[in-house]
Amino acid sequence: MDAAGGGGEEVFVTYAQIGAYFSLLALEGPSAQDRIDRIVPYLISLLPPPFVPAPDADADESSDSDDDHFSLTSSDDDIAAPADGPAVDPAAQDGDGQDHISRLPDDLLSNIVSCLPTNEAARTMVLSTRWRSVWAATPLLVDDTHLRAADRHAVRALSRCVAAHPGPVRAVRVTHTSFHRQEYALERLVASLAAKNVQDLILFNRPWPLDMPLPDDILSCGSLTRLYIGFWRFPDTAAHQPAFPNLHELGLFHSIIEDRDVDALLAHCSKLRILSFAMAYSCGSRLRIRSSSLRVMMEWRCGFNEIIVEDAPCLERLLFHSISDRRPVRIVNAPRLEVLGFLDLQIHALEIGGIVIRAGMNVRARAMLPSLKMLAVKVRFSHDMEVKMLDTLLRCFPRLETLHVMSIRPSSPDSVGCAEFWKSLGSCDCLESHLKTFVFHRYQGLDCEYLFLCYILKKAKVLKTLGIDCADSDDVVVEGGPMSGSAGEGNVSSGGSSGSDGVVMEEGPVSGSVGEGNAPSGGSSGSNIIYVYVASPCWTFQNAIDLSVEDPFCVLRHDKCWIASRVMA
Numbered sequence: 001m002d003a004a005g006g007g008g009e010e011v012f013v014t015y016a017q018i019g020a021y022f023s024l025l026a027l028e029g030p031s032a033q034d035r036i037d038r039i040v041p042y043l044i045s046l047l048p049p050p051f052v053p054a055p056d057a058d059a060d061e062s063s064d065s066d067d068d069h070f071s072l073t074s075s076d077d078d079i080a081a082p083a084d085g086p087a088v089d090p091a092a093q094d095g096d097g098q099d100h101i102s103r104l105p106d107d108l109l110s111n112i113v114s115c116l117p118t119n120e121a122a123r124t125m126v127l128s129t130r131w132r133s134v135w136a137a138t139p140l141l142v143d144d145t146h147l148r149a150a151d152r153h154a155v156r157a158l159s160r161c162v163a164a165h166p167g168p169v170r171a172v173r174v175t176h177t178s179f180h181r182q183e184y185a186l187e188r189l190v191a192s193l194a195a196k197n198v199q200d201l202i203l204f205n206r207p208w209p210l211d212m213p214l215p216d217d218i219l220s221c222g223s224l225t226r227l228y229i230g231f232w233r234f235p236d237t238a239a240h241q242p243a244f245p246n247l248h249e250l251g252l253f254h255s256i257i258e259d260r261d262v263d264a265l266l267a268h269c270s271k272l273r274i275l276s277f278a279m280a281y282s283c284g285s286r287l288r289i290r291s292s293s294l295r296v297m298m299e300w301r302c303g304f305n306e307i308i309v310e311d312a313p314c315l316e317r318l319l320f321h322s323i324s325d326r327r328p329v330r331i332v333n334a335p336r337l338e339v340l341g342f343l344d345l346q347i348h349a350l351e352i353g354g355i356v357i358r359a360g361m362n363v364r365a366r367a368m369l370p371s372l373k374m375l376a377v378k379v380r381f382s383h384d385m386e387v388k389m390l391d392t393l394l395r396c397f398p399r400l401e402t403l404h405v406m407s408i409r410p411s412s413p414d415s416v417g418c419a420e421f422w423k424s425l426g427s428c429d430c431l432e433s434h435l436k437t438f439v440f441h442r443y444q445g446l447d448c449e450y451l452f453l454c455y456i457l458k459k460a461k462v463l464k465t466l467g468i469d470c471a472d473s474d475d476v477v478v479e480g481g482p483m484s485g486s487a488g489e490g491n492v493s494s495g496g497s498s499g500s501d502g503v504v505m506e507e508g509p510v511s512g513s514v515g516e517g518n519a520p521s522g523g524s525s526g527s528n529i530i531y532v533y534v535a536s537p538c539w540t541f542q543n544a545i546d547l548s549v550e551d552p553f554c555v556l557r558h559d560k561c562w563i564a565s566r567v568m569a
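Per full-length UniProt numbering, the very first residue in the sequence shown carries number 1; after that it's consecutive.
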């Protein structure tokens, strides 16, 4: 799998081809390097936040003199008389000139040092021998945004910083440094990190070259718990077996890594919980997931030709933010899979248990995933086959509790047979007894969208929560009807009812919050009540892989909630 960044229909096998392609584009616009340089900040924005915020650039520049180190004590000069005023009584000043902070216990001083930017933490050594020992005893944090070395010296500065510290190294974040023509310093840096038990490593190369080899010693960092790499050629695992017994989280961004090396990584990461790929070119590659520990797999703007979940007994989330051409997604064994999405019906061809899911098919038990609780799908409602596939998918997940549907703006008029299709459909297991929450993303008020919404409201017998995210407005529920811009004759007027969706809008908005279908505080919890919310998208890379985020696709705005009553026939 040769990974890079971008999309489109071009197929690339090597970074030389990528460079040549961008060079051709440069004849009509920015240079190849400029184009790649625009990708780098975007990828960095996907990373976990820095452990220590970068200092203000202006303030940091003004404090870069040898005489401007911060002070932790008062001095005689602090209480001297002003030049144009009377003398000041020292007793009236805050502080007594004593170094009280240095008397704190070692663990507290270590916490202070660990909260400082990399350069300021190192400067504490000049305060006294007491502080020199504190810095040495504090697990090292390194962030290259805190260093002001010129590009040609940045790698050496990083390497010297790590070499000067006895270890251990708690975390290193390198996102603004070019390692071009600094191979020896890079090798020393990675070797030092491995020797000093680095736990958390984010290592990006500022291209060019795009295919710079990552030193083999990266495979010896056995103490790593989290690793993100970007713009590298991954080492050959056939020659150097990876040793990551403690690795929990792995992110491969815009890097070249062969299929066999991914297989080797998964085989030797017995504690891996989160695996993510970001921005990979289409290159004839196959991503095969075989892991006994993996809980989250994320593919973000990649171009894999095929994704196979072959054996993932602990996998809970299979997530996509896909581009490029159509490709199969095969789910062979994932008995605990609970969250799937965004499944793009134009890009992804789903296969479950060896059965290809086709629009309108009779869904057998072998083609079902009873474990799935949350599905997010992108649909072009103007396309007949995608509309029919949406209905088929609902039958594949009999215990689905939350459904997210994102409407993609159509390139053609509404489907002619859409109305008759939804009217002729019966129900299915998830609608009869499990679906509690439905969220409509990018609702545009088209007839085909409205008909599907009516179908869900009519058939989902235990539905408690409806979220609407309008494509062009935050105003979803207004006093004159259930959705602003909704189309069709079934719109609900103020205080009226809709025969097509079986829902009457009651008084609103109401205050409170909803969780797991519970009623807002002070509201009724009757079986015929539906709470209608404005939905705000929260689909981001970090939300998607964060297992503490219950719903990575959207949040319901509790400040905008309305009550609807289901009309029973």
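Cβ coordinates follow ideal geometry from the N, Cα and C atoms, glycine included.
Query, Result
"If you run the structure through DSSP and keep just helix, strand and coil, what is Arg-327?", "strand"
"What residue does the beta strand (DSSP E) around Ala-460 start on, and which one ends it?", "Note, Ala-460: premise wrong, no beta strand (DSSP E); not H, not E."
"DSSP three-state label for Met-361, please.", "coil"
"Please state the DSSP three-state secondary structure of Lys-560.", "strand"
"Hey, Phe-277 and Cys-302: beta-carbon distance below 7 Å or not?", "yes"
"Which two residues bound the contiguous alpha helix (DSSP H) that contains Asp-384?", "384-396"
"Using only the alpha-carbon positions, how far apart do Tyr-228 and Ser-427 sit?", "45 Å"
"Determine whether the beta carbon atoms of Arg-288 and Ile-308 lie at a separation below 7 Å.", "yes"
"If distances are taken between C-alpha atoms only, which option among Asp-200, Met-406 and Val-387 comes closest to Glu-420?", "Val-387"
"Using the rule of at least 16 other Cβ atoms within 10 Å of the residue's Cβ for burial, across every protein chain shown, is Ser-407 buried or exposed?", "buried"
"What's the gap between the Cα of Leu-343 and the Cα of Asp-325?", "14 Å"
"Please state whether the Cβ-Cβ distance between Arg-557 and Val-532 is less than 7 Å.", "no"
"Give me the Cα-Cα distance between Asp-429 and Val-262, rounded to the nearest whole angstrom.", "38 Å"
"Taking the Cβ atom as the reference point for each residue, do Ile-468 and Tyr-450 lie within a distance shorter than 7 Å?", "no"
"Per DSSP, what kind of secondary structure is Arg-160 in: helix, strand or coil?", "helix"
"Check each candidate in Pro-335, Ala-334 and Glu-299 and name the one with the smallest Cα separation from residue 571.", "The shown model of the chain, from 1 to 569, leaves out residue 571, and the question about it has no answer."
"Within 10 Å of its beta-carbon, does Asn-362 have 16 or more other beta-carbons around it, so buried, or fewer, so exposed?", "exposed"
"Within 10 angstroms of its Cβ, does Gln-182 collect 16 or more other Cβ (buried), or is it exposed?", "buried"
"How would you write the range of the alpha helix (DSSP H) that Val-262 sits in, first residue to last?", "259-267"
"Would you check if the region 228-242 and the region 187-199 touch, i.e. whether three or more CB-CB distances between them fall below 8 Å?", "no"
"Rounding to the nearest angstrom, what Cα-Cα distance links Val-210 and Ala-194 in this structure?", "With the sequence shown as reference, residue 210 is identified as Leu, and Val is not the correct amino acid for it. Spanning the two alpha carbons is a distance of roughly 24 Å."
"Out of Pro-139, Asp-391 and Met-297, which has the shortest C-alpha to C-alpha gap to Gly-341?", "Met-297"
"Secondary structure at Trp-422, three-state DSSP: helix, strand or coil?", "helix"
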